[in-house]
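2 protein chains.
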Amino acid sequence: AIAKEVAKLLEMKAQLGGDEGKHKFVLKTPKGTRDYSPKQMAIRERVFNAIITCFKRHGAEVIDTPVFELKETLTGKYGEDSKLIYDLKDQGGELLSLRYDLTVPFARYLAMNKITNIKRYHIAKVYRRDNPAMTRGRYREFYQCDFDIAGQFDPMIPDAECLKIVHEILSDLQLGDFLIKVNDRRILDGMFAVCGVPDSKFRTICSSVDKLDKMPWEEVRSEMVGEKGLSPEAADHIGEYVQLHGGLDLIEQLLQDPKLSQNKLAKEGLGDMKLLFEYLTLFGITGKISFDLSLARGLDYYTGVIFEAVLLQPENDHVEEPVSVGSVAGGGRYDGLVGMFDPKGRKVPCVGVSIGIERIFSILEQRVEASEEKIRTTETQVLVASAQKKLLEERLKLISELWNAGIKAEVLYKKNPKLLNQLQYCEDTGIPLVAIVGEQELKDGVVKLRVVATREEVNVRRESLVEEIRMRTSRP
Amino acid sequence: AIAKEVAKLLEMKAQLGGDEGKHKFVLKTPKGTRDYSPKQMAIRERVFNAIITCFKRHGAEVIDTPVFELKETLTGKYGEDSKLIYDLKDQGGELLSLRYDLTVPFARYLAMNKITNIKRYHIAKVYRRDNPAMTRGRYREFYQCDFDIAGQFDPMIPDAECLKIVHEILSDLQLGDFLIKVNDRRILDGMFAVCGVPDSKFRTICSSVDKLDKMPWEEVRSEMVGEKGLSPEAADHIGEYVQLHGGLDLIEQLLQDPKLSQNKLAKEGLGDMKLLFEYLTLFGITGKISFDLSLARGLDYYTGVIFEAVLLQPENDHVEEPVSVGSVAGGGRYDGLVGMFDPKGRKVPCVGVSIGIERIFSILEQRVEASEEKIRTTETQVLVASAQKKLLEERLKLISELWNAGIKAEVLYKKNPKLLNQLQYCEDTGIPLVAIVGEQELKDGVVKLRVVATREEVNVRRESLVEEIRMRTSRP
Chain A
115 AIAKEVAKLL EMKAQLGGDE GKHKFVLKTP KGTRDYSPKQ MAIRERVFNA
165 IITCFKRHGA EVIDTPVFEL KETLTGKYGE DSKLIYDLKD QGGELLSLRY
215 DLTVPFARYL AMNKITNIKR YHIAKVYRRD NPAMTRGRYR EFYQCDFDIA
265 GQFDPMIPDA ECLKIVHEIL SDLQLGDFLI KVNDRRILDG MFAVCGVPDS
315 KFRTICSSVD KLDKMPWEEV RSEMVGEKGL SPEAADHIGE YVQLHGGLDL
365 IEQLLQDPKL SQNKLAKEGL GDMKLLFEYL TLFGITGKIS FDLSLARGLD
415 YYTGVIFEAV LLQPENDHVE EPVSVGSVAG GGRYDGLVGM FDPKGRKVPC
465 VGVSIGIERI FSILEQRVEA SEEKIRTTET QVLVASAQKK LLEERLKLIS
515 ELWNAGIKAE VLYKKNPKLL NQLQYCEDTG IPLVAIVGEQ ELKDGVVKLR
565 VVATREEVNV RRESLVEEIR MRTSRP
Chain H
115 AIAKEVAKLL EMKAQLGGDE GKHKFVLKTP KGTRDYSPKQ MAIRERVFNA
165 IITCFKRHGA EVIDTPVFEL KETLTGKYGE DSKLIYDLKD QGGELLSLRY
215 DLTVPFARYL AMNKITNIKR YHIAKVYRRD NPAMTRGRYR EFYQCDFDIA
265 GQFDPMIPDA ECLKIVHEIL SDLQLGDFLI KVNDRRILDG MFAVCGVPDS
315 KFRTICSSVD KLDKMPWEEV RSEMVGEKGL SPEAADHIGE YVQLHGGLDL
365 IEQLLQDPKL SQNKLAKEGL GDMKLLFEYL TLFGITGKIS FDLSLARGLD
415 YYTGVIFEAV LLQPENDHVE EPVSVGSVAG GGRYDGLVGM FDPKGRKVPC
465 VGVSIGIERI FSILEQRVEA SEEKIRTTET QVLVASAQKK LLEERLKLIS
515 ELWNAGIKAE VLYKKNPKLL NQLQYCEDTG IPLVAIVGEQ ELKDGVVKLR
565 VVATREEVNV RRESLVEEIR MRTSRP
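Line order of the protein sequences matches chains A and H.
Counting from 1 along the first sequence, just add 114 to a position and that's the residue number in this note's numbering.
Counting from 1 along the second sequence, just add 114 to a position and that's the residue number in this note's numbering.
Below, the structure is given as structure tokens:
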């Protein structure tokens, strides 16, 4: 009897253990990623619509590329950031990596198809094995919305259009005040040269300067001198320049700078910057543009103009200087990238902008939550309902007619739902109309149409129902 | 001197080698993937629009999930197909895999968020390390468009809606004649039982039956008997059933079948199939539905109704029986999948459909190419041009006004483009209007508006230009 008892207990334990084992896995999305709920998707689609509308307004075509590329396609394009690339497991066959941005796949696409002239946008997810601060809208899987102009053109006209686009999108989205910082890699390189930075240290000192938006100058300086072996004099000299920001006046001032004006690269960059500001003046957007010598951008492939848009938020009403709350767009000119893929090294000059929308989502999500605005997540115009039992067939017949006529309609998946539950469903989901079928209405050849908001009810002849629903739900 | 010469030559060789090495990589997308050109994107967006419009017509919300999941989330869901899953490299941290379909991530999403009731769609790329036949629209990276209904409802109402959706989408897309095959896993399992298939062999015999659309019965039979060890009698018995297809008449016949009618599962399945056909009759779509006992579907997770839509193409005009050219949609009921993720095993019944649009793209692409239909890849309404030199600034000022008013406008990125080149650009890209600025027009406060198709030119007052462009480019 004891043996039997023990066997029974062991069996129970095994069952428990087996069951536990079965469900032991963690129920979550991978680190740095998230699902989008219908509500979040509604906000996301609003943002996408604003952005796509702008890209189309500027005559862009659209392309798409695979989520992964041959590993070697990405190699040597991202400098110090390459360690953040996601590789796929070697399962036999090609070595693959998830795309890190949309710019390198675009350059690969141009070289592969021998395209020398295109204006395109591309909206897709990219992947970086970063340590994400998800609360501030930073993820390992995130969307980029890229607009690029490829081709040999007269200087600064496409570059100016990219800045106009950033200005239009950030204005449209009503995210509050913003600032677009602009600089040029040639000005930076010229500045490094006149400050006494050795050629071999240009890129690494550039990535130190890039940290100035997150670190104070003192820390950046000690990285330059301590880690990167720059002379203190050179660092201090850089320190003077990177404090400078302004507009046309600053450009004019630097064009007169006794050292910079002697440097060929810097002179070219400053000349183009002046031209850029002339075009931005014609576009009427210089009020939100700042020529900023501390802007460096991390990526290796930029060769000319670079820019970055930040949202400004007055920390509180008493503070005068607005505080940046982070970058929401960035871009620049990369004239050498396509040539890296072309078998003969043929170059295709490119300039482009990338809108980083995760941070924009975060802001809009918080705003929606704070405002208690009710967001509809469906577009259903009418619920097909019945007040009495045994009318499922009639409901299905009617809804089929409505669907075939293009009306957005739902029906509860119950044989005999209560009218109250059907009306409640409309309240919950924001459906504006209810089409009620009943014995009497069927005999009379009508449907009772109820307006949920006003509780008004009206009998509509069945053959006029589609027209009536259309009329009542068309946007004013 | 010789040593110097040799050193020089070696250096040159190294440089050459280095250069060759630099460009040695293959310029391609990974196996089984492709880029979408603007023209392909235009077709793709048409298809997506038709599908999304239908999903919204049926009241669906939309969600999104990450492109990769924890590896264990996908484990044990796909049966024999699991070997086709793409794993990510272990770079420290979690073990990840690319999603194989949208159904398992959906079930994970429901369990994780404790959602017991939702109707949602999800359009995204999925990944399978298959051997693709890309010419026939089969890829390793491909889109799925999924619509699913989760929740405890009265039987067959959501199932019927899924079939109505397939019918609507395939009709809308005008892909020619199609057929939706329907079966039920319970009928299959009942059939296997009465044919003498041991319980343990149900799933593997089911995947043999699934191959009947690609292989003749004789081959499938020999796989069952040879590889899978089924008795020849059982196989032959199955062979008789899987030839059957029909409508309500066949359902009635099988409900009278002396063996099947004794099997509880088969009886349940046949009863629900009858109910389904009643609802499909109300929807008026039974003409394209075939109850087909050979339909099995590969995936493990189905528990009830299953279905698959195939396009029919008369091989030539003389052949009477239409030939299937491949599956473009499929789905079914999976009542157990969410429970596999829930810590307490709570079930959420689900039914859904997945539209496989790569094959649809292929067909539409071929059709567009054959028809020489000209597809516009931009929506630009007007090109801002000039007939004389030195008017870049005036063009930029005007285009900025148009952009700010929401007009889709382009300008050539040249200081002094020729009018002929500007007009040619409109011809090439389908831009319908040209707004021409010139010295005289500027003095007169007008813009010359040219209709590209008719070459008609008219002077429009600058303040009326936006209204005039809108009027002339609004869809009739």
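Here a beta-carbon is modelled for each residue, glycine too, at the ideal position from N, C-alpha and C.
If you're wondering where the values come from, they're calculated on a predicted model, not measured in any experiment.
Going by DSSP, H351/H is part of the alpha helix (DSSP H) stretching over P346 to V356. When Cβ-Cβ separations below 9 Å define contact, D449/H makes no contact with chain A. With fewer than 16 other Cβ atoms from the protein chains shown falling within 10 Å of its own Cβ, G190/H counts as exposed.
Take D303/A, set aside five residues on each side of it, and the residues of its chain with a beta-carbon closer than 7 Å to its own are F316 and L379, in chain order. With the criterion set as a beta carbon lying under 7 Å from some beta carbon of chain A, the members of the segment 527-548 of chain H are Y527, K528 and K529, in sequence order.
A check of alpha carbon separations from G343/A across S322/A, L394/A and I365/A identifies S322/A as the nearest. The segment 504-520 of chain H makes no contact with the segment 195-206 of chain H, as fewer than three CB pairs between them are under 8 Å.
Excluding its 5 nearest sequence neighbours in each direction, I474/H has C-beta neighbours in its own chain below 7 Å: V161, L287, L289 and V442, listed in chain order. The distance from the Cβ of F306/A to that of A423/A is about 25 Å, inconsistent with a contact at the 8 Å cut-off. Restricted to the segment 348-433 of chain H, the alpha helix (DSSP H) segments that are unbroken, complete and at least 4 residues in length are 362-370 and 378-396, listed in chain order. With a threshold of 9 Å between beta carbons, T230/A makes no contact with chain H.
If you draw a straight line from the Cα of L526/A to the Cα of R213/H, it is about 32 Å long. At least one CB of chain H lies nearer than 9 Å to the CB of D149/A.
For K203/A, the chain H residues whose C-beta falls within less than 7 Å of its own C-beta are D201, L202 and K203, listed in chain order.
Taking 9 Å as the CB threshold, K461/H stays off the interface with chain A. Chain order gives no chain H residues near K402/A, where near means a beta carbon separation below 8 Å; the closest approach is about 14 Å. At least one CB of chain H lies nearer than 9 Å to the CB of S514/A. Where K557/H is concerned, the enclosing alpha helix (DSSP H) starts and stops at E553 to D558. When DSSP states are grouped into helix, strand and coil, Y241/H belongs to the strand group. Per DSSP, the unbroken alpha helix (DSSP H) holding L534/A starts and ends at L533 to T543. In this structure, the straight-line span from the alpha carbon of P269/A to that of L384/A is close to 13 Å. Counting every other CB atom within 10 Å of its CB across the protein chains shown gives P330/A a total below 16, marking it as exposed. Within the segment 150-237 of chain H, the beta strand (DSSP E) runs of at least 3 residues that lie entirely inside it are, in chain order, 182-184 and 210-212.
According to DSSP, residue pairing for S468/H in a beta bridge involves D260/H and G444/H. Chain H has a Cβ within less than 9 Å of the Cβ of I271/A.
In this structure, DSSP gives F316/H a helical state, which the three-state scheme calls helix.
Checking the DSSP bridge columns, you'll see A523/A partnered with V496/A. Assigned with DSSP and collapsed to three states, A549/H falls in strand.
Note that the C-beta distance between L394/A and L358/A is not below 9 Å.
Looking at the backbone, the Cα of K528/A and that of P372/H are separated by about 33 Å. When the five nearest sequence neighbours on each side are left out, the beta carbons in the same chain lying within less than 6 Å of the beta carbon of L362/H are those of F391, in order along the chain. Residue R586/H holds the alpha-carbon nearest to the alpha-carbon of V565/H among R586/H, V467/H, D313/H and D215/H. The beta carbon of A274/A lies closer than 7 Å to those of L390, Y393, L394 and F397 in the same chain, with the five residues before and after it left out. Between the segment 225-238 of chain H and the segment 174-194 of chain H there are three or more C-beta pairs closer than 8 Å, enough to call the two in contact. Residue pairing by DSSP places I294/A opposite I403/A and A423/A in a beta bridge. A check of alpha carbon separations from G470/A across Y257/A, Y416/A, Y415/A and R148/A identifies Y257/A as the nearest.
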